[in-house]
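A.B. asks: Before I ask anything, here is the structure I am working with.
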Amino acid sequence: MGGSSWDMLKELIYILIQLIPMGYVTTYGSIARLLGISPRLVGLALAQNSLPIIIPCHRVVRGDGSLGGYSFGGPEFKRMLLRLEGVVFDGDRVDRRCIIDVADLVG
DNA sequence: CAGATAGGAATGA
DNA sequence: TCATTCCTATCTG
């Protein structure tokens with residue numbers, strides 16, 4: 107760990123998701139399109155974060171609004187965190203109005 | 001090289 | 001709209 111391109115990519119993703127405001131989420135695909143990588147890579151990168159909670163990886167959900175995974179506490183915990191932050195749920199999915207594109211946070 | 005993914009798009013009912 | 005199915009790209013060992 108150190109200096110590999112994978113590690114740098116992870117750092118970049120962690121920085122990006124800290125731009126997501128409370129009460130909103132983005133999607134794996136949104137981040138993937140911005141960086142030109144596969145959405146699965148985004149999930150893999152988030153799954154390997156070593157600073158849970160501090161890095162708000164709970165603010166990244168699937169493209170259809172369903173939660174996706176969460177290695178720290180599972181999807182239930184992820185859902186709880188999002189509700190605490192004011193994210194609106196429509197059944198088991200996040201309301202579309204709470205989903206933003208990371209590209210809009212950068213430029 | 002083989003196996004495993006925190007996803008996504010296509011499909012059919 | 002929902003569930004099923006298949007596909008992609010990349011990490012890890």
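Okay, so the first sequence: first residue is 107 according to our numbering, each after it adds one. C-beta: ideal position from N, C-alpha, C; glycine also. Predicted model only: the values in this text are computed from it and were never measured.
In whole angstroms, what is the alpha-carbon distance linking Ile-206 and Leu-187?
C.D. replies: Answer to the nearest angstrom: the Cα atoms are 18 Å apart.
A.B. asks: Does the Cβ-Cβ distance between Val-194 and Cys-204 come in under 9 Å?
C.D. replies: Result yes, Cβ atoms of Val-194 and Cys-204 sit closer than 9 Å.
A.B. asks: Using alpha carbons as the reference points, say which of Ile-119, Arg-199, Arg-165 lies closest to Met-128.
C.D. replies: Ranking the options by Cα distance to Met-128, first place goes to Arg-165.
A.B. asks: Less than 9 Å between the C-beta atoms of Asn-155 and Tyr-120, yes or no?
C.D. replies: It is a contact, given that the beta carbons lie within the stated cut-off.
A.B. asks: Look at Leu-141 and Leu-118 and say whether their C-beta atoms are less than 9 Å apart.
C.D. replies: Yes, Cβ-Cβ distance for Leu-141 and Leu-118 is below 9 Å.
A.B. asks: Should Ile-137 go down as buried or exposed, given a rule of 16 or more other Cβ atoms within 10 Å for buried?
C.D. replies: Buried, by the Cβ-count rule.
A.B. asks: What's the call for Ile-79, buried or exposed, on a 16-neighbour Cβ count within 10 Å?
C.D. replies: Residue 79 lies beyond the range of the chain shown here (107 to 213); nothing can be said about it.
A.B. asks: Out of curiosity, what's the CA-to-CA distance linking Tyr-176 and Lys-116?
C.D. replies: Taking the straight line joining both Cα atoms gives about 16 Å.
A.B. asks: Tell me the rounded alpha-carbon separation between Leu-173 and Leu-152.
C.D. replies: Whole-angstrom Cα-Cα distance: 14 Å.
A.B. asks: Note down, in chain order, each residue of its chain lying with its Cβ closer than 7 Å to the Cβ of Arg-168, except the 5 sequence neighbours on either side.
C.D. replies: Within the same chain, Arg-168 has close Cβ partners Thr-133, Tyr-134, Gly-174.
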